[in-house]
Amino acid sequence: IIQDGQVALQWLAATIPDVVILDLHLPSVSGAGVLKQIRADQRLTQTMVIIITADLYRAETLRDQADIILIKPISPIRLQDLITKLRTSQITKPLE
160 IIQDGQVALQ WLAATIPDVV ILDLHLPSVS GAGVLKQIRA DQRLTQTMVI
210 IITADLYRAE TLRDQADIIL IKPISPIRLQ DLITKLRTSQ ITKPLE
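Following this line, the structure appears as structure tokens:
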């Protein structure tokens, strides 16, 4: 778990994750900024991004960039189920 946007960007520069779970409100670099960098990085074109937020307005503005947007509160069981489905390619279109 990375709780800082700048640290997340450093980690992403060194790895290619299958899935990133991203909160929009992060220190240093916002979650939206991290998402923008993920989408601009050619190495990360296959990385799926799940945004978890309570900010409905901001979530709406990022709808086209995220694979899945979840509105808080979200149960850990639902999140685990979504990640399992993503890893087994059972989800192919954005969810909200």
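For the sequence shown, the numbering used here begins at 160 and goes up steadily by one. Just so it is clear, CB atoms sit at the ideal spot from N, CA and C, and this is done for glycine as well.
Next on the checklist: Taking the alpha carbon of Thr-174 as the reference point, which residue from Asp-182, Leu-183, His-184, Gln-205 has its own alpha carbon closest?
Outcome noted: When the alpha-carbon of Thr-174 is set against those of Asp-182, Leu-183, His-184, Gln-205, the nearest one is in Gln-205.
Item to check | Cβ separation of Asp-226 and Ile-209, assumed to be a contact under 8 Å, to the nearest whole Å | outcome: About 7 Å separates the beta carbon of Asp-226 from that of Ile-209, a gap short enough to meet the 8 Å contact definition.
Item to check | Per-residue DSSP class, three states only, for Val-166 | outcome: Looking at Val-166 - three-state DSSP - the assignment turns out to be helix.
Next on the checklist: Using the three-state DSSP reduction, which class does Val-193 fall into: helix, strand or coil?
Outcome noted: In the three-state scheme derived from DSSP, where H, G and I count as helix and E and B as strand, Val-193 is classed as helix.
Checklist entry - Can you check whether the CB of Thr-212 is closer than 8 Å to the CB of Leu-183? => result Taking 8 Å as the Cβ cut-off, Leu-183 and Thr-212 qualify as a contacting pair.
Next on the checklist: Just verifying my parser: in three-state terms, what is the DSSP assignment at Asp-200?
Outcome noted: Looking at Asp-200 - three-state DSSP - the assignment turns out to be coil, as it is neither helix nor strand.
Next on the checklist: So, for Thr-243: in the same chain, excluding its five sequence neighbours on each side, which residues have a beta-carbon less than 7 Å away from its beta-carbon?
Outcome noted: Taken in chain order, the list of residues that qualify is empty.
Next on the checklist: How far does the alpha helix (DSSP H) with Leu-238 in it extend, from its first residue to its last?
Outcome noted: Start and end: 235-246.
Checklist entry - Between Leu-171, Gly-164, Thr-220, which lies nearest to Leu-185 when the distance is taken from Cα to Cα? => result Comparing Cα positions, the closest option is Gly-164.
Checklist entry - Whose C-beta lies closer than 8 Å to the C-beta of Gln-162 among residues of the same chain, with five residues either side of it excluded? => result Counting only residues of its own chain and dropping the five nearest sequence neighbours on each side, Gln-162 has a CB closer than 8 Å to the CB of Leu-185, Pro-186.
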